[in-house]
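Report on the following structure.
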Amino acid sequence: MEASSSFVDEALLNRVPRWNRYLEAKLGFRNHWYPVLLSRDITEAQVVPTTVCGEEILLKRIKGQVKALRNRCLHRGVKFSEKVESYTEDTITCWYHGFTYKWDDGKLCDILASPDSKAIGRRKVKTYPVQEAKGLVFVFVGDDDAKVPPLSEDVPPTFLDEDLCIQTAIYEVDSNWRVGAENGFDGLHVYIHRTSELVENTKRSLPIGHLADSSKLDILETDGEPKGIYDLFAHHVSVWEGKVKGQTVVTGIKRESDKPTRTTAASIWLPCSLRVDNFPDQGINQYEWYVPITADKHLYVITLGKYAASDEERAAFEHEFWSRWKPVSLENFNAQDVTARIALQKFYRNDNAWLDEMLIEGDTPIIKWRELCHRHARGVQKPEHM
Amino acid sequence: MEASSSFVDEALLNRVPRWNRYLEAKLGFRNHWYPVLLSRDITEAQVVPTTVCGEEILLKRIKGQVKALRNRCLHRGVKFSEKVESYTEDTITCWYHGFTYKWDDGKLCDILASPDSKAIGRRKVKTYPVQEAKGLVFVFVGDDDAKVPPLSEDVPPTFLDEDLCIQTAIYEVDSNWRVGAENGFDGLHVYIHRTSELVENTKRSLPIGHLADSSKLDILETDGEPKGIYDLFAHHVSVWEGKVKGQTVVTGIKRESDKPTRTTAASIWLPCSLRVDNFPDQGINQYEWYVPITADKHLYVITLGKYAASDEERAAFEHEFWSRWKPVSLENFNAQDVTARIALQKFYRNDNAWLDEMLIEGDTPIIKWRELCHRHARGVQKPEHM
Amino acid sequence: MEASSSFVDEALLNRVPRWNRYLEAKLGFRNHWYPVLLSRDITEAQVVPTTVCGEEILLKRIKGQVKALRNRCLHRGVKFSEKVESYTEDTITCWYHGFTYKWDDGKLCDILASPDSKAIGRRKVKTYPVQEAKGLVFVFVGDDDAKVPPLSEDVPPTFLDEDLCIQTAIYEVDSNWRVGAENGFDGLHVYIHRTSELVENTKRSLPIGHLADSSKLDILETDGEPKGIYDLFAHHVSVWEGKVKGQTVVTGIKRESDKPTRTTAASIWLPCSLRVDNFPDQGINQYEWYVPITADKHLYVITLGKYAASDEERAAFEHEFWSRWKPVSLENFNAQDVTARIALQKFYRNDNAWLDEMLIEGDTPIIKWRELCHRHARGVQKPEHM
């Protein structure tokens, strides 16, 4: 990309004054925390490349802590990851001319092929704040001079609760991240899930649509706390019968015995996460992220959380995750979402599409999400950041 | 494509004032009828997707009649064809949220997941006029408020004659449609056909080139009738010997016994068809279309027509088509044309090429075709129509 | 490419006033000689297509001499090479309509399908000066009215010496040509070669870096002679130990017995060649070219030259080239360079990268090379030449 001015057409941006920063955020929002991989997938001394919001980043675990550098030598721009050279634990050396940087602060500390260069000690490669929580590695993608907020501001409430046991699986999906987020928070899209194995497996009820009462959505925008929208399903009108010209053609699944109710709320959070309460089953919450990789790919991080008081309970939940929820929910129910996102992407990859869509009453929560992002995102990622 | 202004560079268009609408018509002409598939390839209740002039269209045969809708839900832009849901004979339901449209007028009649939406009954998806003739399904690609002319204005004269028996085969070709049309009407390109099996098979004569007398071309532009150019070969000067520096190096095939003459005329018609009289043999006419799919692909619809008075004669012609003309002419003689178009496309895909070409006397009919299109095309298809 | 104005952004060019013609030269420099294939790979009457600086060219050997034409018919732009028709030794005929051109001057001498056209004798396809030397075919890519300089101005000095025996191998590399040239002339990049088989094979010393004394570089820019920069290694400061935080982590290979010294100088020459003296071993020079094919591909022509007084000496060197230098140096040592260029290309394919790089003291020769090109290149190849 040659110039940032053409990233998204100004004329389009001007047509959505209340959410143009969202329309521009093809590559996600800047100055936010993003989960990028599982803690267990980067062991001591291991060096792992990743891409977040279009930025290529290199990670290394050193004395237990994960460090992150821009995966690009300052000198001639090659990627360190093409051939990793690690001569000391806390430095990385570029394979091309021996430019050596400290993992800690990115400082150019040595140039093997040119030990007397004046650049040594004066230049630094970009570093990224890293934090681990709940078995995930989070990276803060932002400006060097940004004030880094606590991770707790950028994850759904309760995710960091001490006694919450988290299990996770990660997938790459071929769509823009926004299409993922909007499908997730969309109350009507339950229509596609009526054929999911999960319905029978959990003996649950499942309507074919539910409409939020938009006057009862909770818009959460307190300073210093996560910014999001909370949609309590108790305020919903659920649709159980789908009719064409008065005749019922599709029915939701409604069970007399469906007590207590499963799926009690959905909430969406900056920069790109969703929480679904009591899903896939009573007593479990699903927390998921749609992390921007490039403009047409995102990392789909799905976690399930359950409060557990003992090692025994934690082990039981881990077993339940792998044997039941991963095949039946993540790779069946959520796989239906993945299919929908890929279909959406064929339309929304064109910037014009965001103005050609025809949203209806049930999409009000999505519009409110776009506007929330516009007001509270700490920055918009642009090609010049890549 | 983000903006239509950059579709074809204005500076180029200004250099061809007499045919700039043709230069702009990468995606074909708007407000015209196009053949898109064989009638026998869409049986009762079958739903078939197609793309014409860059527009994605969905067809369904209902009570014998073919209906056509834009293959894109109004709501979030996904294609109906990703997963067709047909709950009643005369509606289609989007798999994503249950938006249901009437095939007849495109009206949004129900939303399964949101039965009380105010959008119901007020919005409609684009529909397309459809007509079947001679075993082909024709779709009118045009503006909603366009006056739809009779099909007879958009096909070569005689094609719809009642006693004309038509046989058809359809191919996809990787070139722009204009390159197909121009190769077909080009009197000099017979040069490439001298090696075709058809020559021996029909014991025909075949010159290596023939030049129209451009003063004798019939330009047909009467209101309410097909617009085209008719080139009668009786006015031609045929070339039988190809010479390099005075020495004959290539000879046409000239038979004493070639009576009556085969191939007596070629004519080209808006929006994109060619008629060749007495080809591939005396008593048969070839009618062919170069239907725009995208800017670099067209549907090559080849039909042969023969007047037949009885079922017996029709059956005999059908047999002749499959056993003789399809292998020997369509897939040998016309396959040479397909090869030429693919070669041309490498040059003409660049808009500048249309000004860098070096046409000669024998190309006058092609220029007249471009100018005819410029004057009479009912519209130019542009990215904003897609 | 529609317009040349957008080839490289003006704003970028303005930021490097001393070498903006180099920044613009994605496709190489115009009005220069380039080697394109081995003489032995085009035998009498053979027709061979090639691409240089983005121009598609067709070569034919006629009565021993290689001729070159633009590989594109004037008429409708198709490539002659799609199906070569040669009816006389000294002409080529386009397969589409029989346009026939003389290899000697490109003149349109006949049109088989239209023998009376006024275009005959008046139009010509572009021809290219060709010269053979040292077993290579060189083509001059330039303007029709350009004064063609002798080949000797466009090759490294000594390459054409009569008693110099040249052996050659040619490779295609997926990077821009400039990235090839800069890697070759870069005194620091020897760092990547410490693991090469060549080091042991020749029992040579090899530092891990060497810095030119930029005040002692010879800038050669005499009129009528090759333009280049000569870097004598005797003026270098070599680096033998690579240190990280004071500890030696990588060492060069230094042998007591390494007399006489191997690799005594490197020099770089317009339009795109490098000479390395006494490499891969004492008494041999390497001459290599990075010939632009497209913006992201170049032809890597590697030749080794050794002075030989007799057929016996020449045969011995030929044997040595195939059995030793090709596997051990070209396809091991130089293959490391190829890997580096492909890695560089991922960065430098973006025009902005040329301003985002961070060059250091040791890169001064590279900057001087860019500036030399800016001052002395006879022209910049642009999309309108393609």
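Sequence order for the protein chains is A, B and C.
For the first sequence, the residue numbers in full-length UniProt numbering are 1 to 386.
For the second sequence, the residue numbers in full-length UniProt numbering are 1 to 386.
For the third sequence, the residue numbers in full-length UniProt numbering are 1 to 386.
The beta-carbon is built from N, C-alpha and C at its ideal position, and this holds for glycine as well.
With the criterion set as a beta carbon lying under 7 Å from some beta carbon of chain C, the members of the region 243-263 of chain B are K243, V244, K245, V249 and V250, in sequence order.
Secondary structure remark: continuous alpha helix (DSSP H) runs of at least 4 residues inside the region 124-191 of chain C, in chain order: 177-185.
Annotation: C:N14 to C:N20 spans about 7 Å, alpha carbon to alpha carbon. Annotation: C:C272 is outside any beta strand (DSSP E) and is labelled neither H nor E by DSSP. Under the Cβ distance rule, B:K346 counts among the residues neighbouring chain C, one pair being separated by less than 9 Å. Contact note: C:R122 does not reach chain B at a C-beta cutoff of 8 Å; the least C-beta distance is about 10 Å. Contact note: B:C165 does not reach chain A at a C-beta cutoff of 9 Å; the least C-beta distance is about 41 Å. Interface residue (Cβ-Cβ distance to chain B less than 9 Å): C:G77 is classified as such.
Cβ atoms of B:Y307 and B:L164 come within 8 Å of each other, at about 6 Å.
For the options B:E197, B:T364 and B:A295, the alpha carbon positioned closest to that of B:N176 is the one of B:A295.
Interface annotation, A:I111: in contact with chain C, CB-CB separation under 9 Å. Look at the region 10-38 of chain A and you find these whole runs of beta strand (DSSP E), each 3 residues long or longer: 32-38. In the three-state reduction of the DSSP assignment, A:P280 falls in the coil class, being assigned neither a helical nor a strand state.
Between B:E256 and B:H210, the alpha-carbon positions lie close to 19 Å from each other. DSSP places B:N285 inside the beta strand (DSSP E), whose first and last residues are N285 to T294. Interface flag for C:A343 against chain A is set, since a Cβ pair is found closer than 9 Å.
In chain order, V244, K245, Q247 and V249 make up the part of chain B whose C-beta sits under 8 Å from the C-beta of C:T88.
Take the alpha-carbon of B:G180 and the one of B:K368: they are about 16 Å apart.
Taking a contact as a CB-CB distance under 8 Å, the pair A:T43 and A:R61 counts as one, their CB atoms being some 6 Å apart. Here the C-alpha atom of C:I268 lies approximately 57 Å from the C-alpha atom of B:G252. Those residues of the region 198-222 of chain A placed with their C-beta closer than 9 Å to a C-beta in chain B are P207, I208, G209, H210 and L211, ordered along the chain. In the three-state DSSP reduction, B:Y307 falls in the strand class (E or B). Three or more Cβ pairs closer than 8 Å define a contact, and the region 186-198 of chain A meets that threshold against the region 331-342 of chain A. Proximity to B:N352 across C:P129, C:G77 and C:D105 peaks at C:G77, based on C-alpha coordinates. Separation of A:C109 and C:D356 (C-alpha to C-alpha, rounded to the nearest whole angstrom) is 20 Å. CA-to-CA, the gap between A:G283 and A:G305 works out to about 9 Å. Contact annotation: A:L38 and A:V137 have beta-carbon atoms nearer than 9 Å. Below the 8 Å Cβ cutoff, chain C contributes V244 and K245 as neighbours of A:T91, in chain order. Judged by pairs of C-beta atoms under 8 Å, the region 25-37 of chain B touches the region 138-147 of chain B, as three or more such pairs exist. In the assembly as shown, C:W322 is an exposed residue. Its beta-carbon has fewer than 16 other beta-carbons within 10 Å. Proximity to A:S238 across B:K63, B:R70, B:S114 and B:V125 peaks at B:S114, based on C-alpha coordinates.
Neighbours of B:G362 in chain C, taken as residues at a C-beta separation under 9 Å, are given in chain order as H97, I111, A113, S114 and S117. Within the same chain, and ignoring the five residues on either side of C:A265 in sequence, the residues whose Cβ sits closer than 7 Å to its Cβ are Y230, D231, L232, F233 and D277. B:I360 sits in coil when the DSSP states are folded into three classes, being neither helix nor strand.
Within the same chain, T100, Y101, K102, W103, C109 and D110 come within 8 Å of A:T91 by CB-CB distance, once the 5 residues on both sides are set aside.
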